[in-house]
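Notes to accompany the following structure.
Number of protein chains: 2
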Amino acid sequence: MRHLFISPRNSLLANWTAAFESASVSALVSDVHIAQTDVSMFWLHADANSHEWLKASISEILAGFPNAKTVVLANVPNQAEAALALGLGAVGYCHAYSDAAVLLAVESVVMHGGIWLGQDLLQHLIGVSRQLIAVPSTAVTAALELLTPRERDVAQQASIGLSNKEIARELNITERTVKAHLSASFERLGVKDRLQLALILNGKS
Amino acid sequence: MRHLFISPRNSLLANWTAAFESASVSALVSDVHIAQTDVSMFWLHADANSHEWLKASISEILAGFPNAKTVVLANVPNQAEAALALGLGAVGYCHAYSDAAVLLAVESVVMHGGIWLGQDLLQHLIGVSRQLIAVPSTAVTAALELLTPRERDVAQQASIGLSNKEIARELNITERTVKAHLSASFERLGVKDRLQLALILNGKS
DNA sequence: TCTTCTATTGTCCTTTAGGACAATATCAAT
DNA sequence: ATTGATATTGTCCTAAAGGACAATAGAAGA
Numbered sequence: 000m001r002h003l004f005i006s007p008r009n010s011l012l013a014n015w016t017a018a019f020e021s022a023s024v025s026a027l028v029s030d031v032h033i034a035q036t037d038v039s040m041f042w043l044h045a046d047a048n049s050h051e052w053l054k055a056s057i058s059e060i061l062a063g064f065p066n067a068k069t070v071v072l073a074n075v076p077n078q079a080e081a082a083l084a085l086g087l088g089a090v091g092y093c094h095a096y097s098d099a100a101v102l103l104a105v106e107s108v109v110m111h112g113g114i115w116l117g118q119d120l121l122q123h124l125i126g127v128s129r130q131l132i133a134v135p136s137t138a139v140t141a142a143l144e145l146l147t148p149r150e151r152d153v154a155q156q157a158s159i160g161l162s163n164k165e166i167a168r169e170l171n172i173t174e175r176t177v178k179a180h181l182s183a184s185f186e187r188l189g190v191k192d193r194l195q196l197a198l199i200l201n202g203k204s
Numbered sequence: 000m001r002h003l004f005i006s007p008r009n010s011l012l013a014n015w016t017a018a019f020e021s022a023s024v025s026a027l028v029s030d031v032h033i034a035q036t037d038v039s040m041f042w043l044h045a046d047a048n049s050h051e052w053l054k055a056s057i058s059e060i061l062a063g064f065p066n067a068k069t070v071v072l073a074n075v076p077n078q079a080e081a082a083l084a085l086g087l088g089a090v091g092y093c094h095a096y097s098d099a100a101v102l103l104a105v106e107s108v109v110m111h112g113g114i115w116l117g118q119d120l121l122q123h124l125i126g127v128s129r130q131l132i133a134v135p136s137t138a139v140t141a142a143l144e145l146l147t148p149r150e151r152d153v154a155q156q157a158s159i160g161l162s163n164k165e166i167a168r169e170l171n172i173t174e175r176t177v178k179a180h181l182s183a184s185f186e187r188l189g190v191k192d193r194l195q196l197a198l199i200l201n202g203k204s
């Protein structure tokens, strides 16, 4: 079983390598060279708003490696993208920062012929009956653990709607420092602005 | 982690014990004696035509052991029963004779907050998802009703993280028009920027 | 001790967001 | 026919956000 990560940023996230030490990463599907008949797993790291890339990549995988399973790892998961991915032939869709244990569970599920969806998406599909029951979101905590303590402070303030100036006042630092922590947070989580950061830290996709 | 099998026939199946050697079995939920706060898994062995028993048992588990996860093992799986079980609060539904590896996968999934469904059932759900999807909370719908149809379109795109330019492309209008609709939306909802708008429309504020 | 990570702040710059102050066209209701 | 709400787009402007390219200092580990 080979795990092939396809990420536009060509870098592996820590949770991926924790789950699959033999993981390899490429920027493009066409860079992958394995036997057509190999039963492998492709993990597509969907950067924000990369629908076109996603479409092309899944098609390319299906055409080139019919025995492979494709799972989409979304930085900013949303139902429309999940529907798109599954419609194209992916067998899994989950948060890019799901921790290693979850990724192993995903592997197990899809390798047994199942389809993986995050709990949020599934619960929307099934109904709202269980939404009253508090379920700690693993994706949110996993994302938070990628940040340093100070970055976490700043990111959480930004995620509830405060401006840089307000955060600076709140934390007794300069606005410049707030920007530094936020930029670092964007980088670490692979998002492009504070709104996408907020979507992740609010567990909303 | 304790695995508690509830079977009217009060006997363990071989695949269960293969997966969880410490499994214990009872005939009734009320026979179970564990701490209320224990995080355990209940596996309900649903005989054919045991809907009433299933309903009562799941309710009893939810009431008595709020931290436990409930999975239904069906002798003769069918979608109606699956829908019933999940509607009542079960987090998994699978064949009673699934092999041990699958049961372990189920455990992993539900313990990470996921929901387990067989492939065909899941695909059925995904097929009808367009109708079920997105039943927003009343606060969210109330907010949306304050907006004109076009403002709603734009606001929702902004709330999932798109920039003005991206929204403009998506809706085939100019960026200027996007700004106009967003400004109007801010005004109507009494917020100052797109992040606060997103918090409202995502039910996070 | 040396290195790495973290926290802090600086300047300069470009892009994006949002408001001010408009005009024009359509459509429905009065 | 006139009014009002909606949808569209324009220019000009300010402020906020975010990146580039830094420096400095402390703390923790190898």
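These protein sequences, in sequence, are chains P and R. Okay, so the first sequence: first residue is 0 according to numbering that gives the first Met the number 0, each after it adds one. Okay, so the second sequence: first residue is 0 according to numbering that gives the first Met the number 0, each after it adds one. By construction, the Cβ of each residue, glycine as well, lies at the ideal position given by its N, Cα and C atoms. Treat the numbers as computed from the prediction; the structure is a model and nothing was measured.
- A residue is called buried once 16 or more other Cβ atoms fall within 10 Å of its Cβ, and A197 of chain R is buried on that count.
- Just so you know, the alpha carbons of N77 of chain R and V139 of chain P end up roughly 34 Å apart.
- Nearest C-alpha to V153 of chain P among P:N66, P:D30 and P:A179: P:A179.
- Under a criterion of Cβ atoms nearer than 9 Å, the residues of chain R adjacent to S107 of chain P are, in order, A100, V101, L103, A104, S107 and V108.
- Taking C-beta atoms as the reference points, V70 of chain P and V24 of chain P fail to come closer than 8 Å.
- For A141 of chain P, the closest of P:N74, P:A82 and P:L83 by C-alpha to C-alpha distance is P:N74.
- Listed in chain order, the positions of the region 184-200 of chain P with a beta carbon within less than 7 Å of a beta carbon of chain R are R193, L194, Q195, A197 and L198.
- At least one CB atom of chain P sits nearer than 8 Å to the CB of I159 of chain R.
- Rounded to the nearest angstrom, the Cβ distance from A26 of chain R to W15 of chain R is 15 Å, too far for a contact under 8 Å.
- Here DSSP, grouped into helix, strand and coil, assigns I5 of chain P to strand.
- Along the length of the region 23-107 of chain P, whole beta strand (DSSP E) runs at least 3 residues long occupy 23-25, 40-45, 68-73 and 91-94, reported in chain order.
- A distance below 7 Å between beta-carbons, with the five flanking residues on each side excluded, links Q155 of chain P to the following residues of its chain, in chain order: L200.
- For V90 of chain R, same chain residues with a beta-carbon under 6 Å away, outside a window of 5 residues either side, are K68, V109 and I114 in chain order.
- At least one CB of chain R lies nearer than 8 Å to the CB of N77 of chain P.
- By the Cβ-count criterion, D30 of chain R is exposed, with fewer than 16 other Cβ atoms from all chains shown falling within 10 Å of its own Cβ.
- A45 of chain P places its beta carbon less than 8 Å from that of E80 of chain P.
- Here DSSP, grouped into helix, strand and coil, assigns L194 of chain R to helix.
- CA-CA distance, M0 of chain P to S39 of chain P, rounds to 5 Å.
- Per the DSSP secondary-structure output, L116 of chain R pairs in a beta bridge with R:Y92.
- In this structure, L146 of chain P sits near R187 of chain P, with a CB-CB distance shorter than 8 Å.
- Taking a C-beta distance under 8 Å as the contact criterion, L61 of chain R and G88 of chain R qualify as a contact pair.
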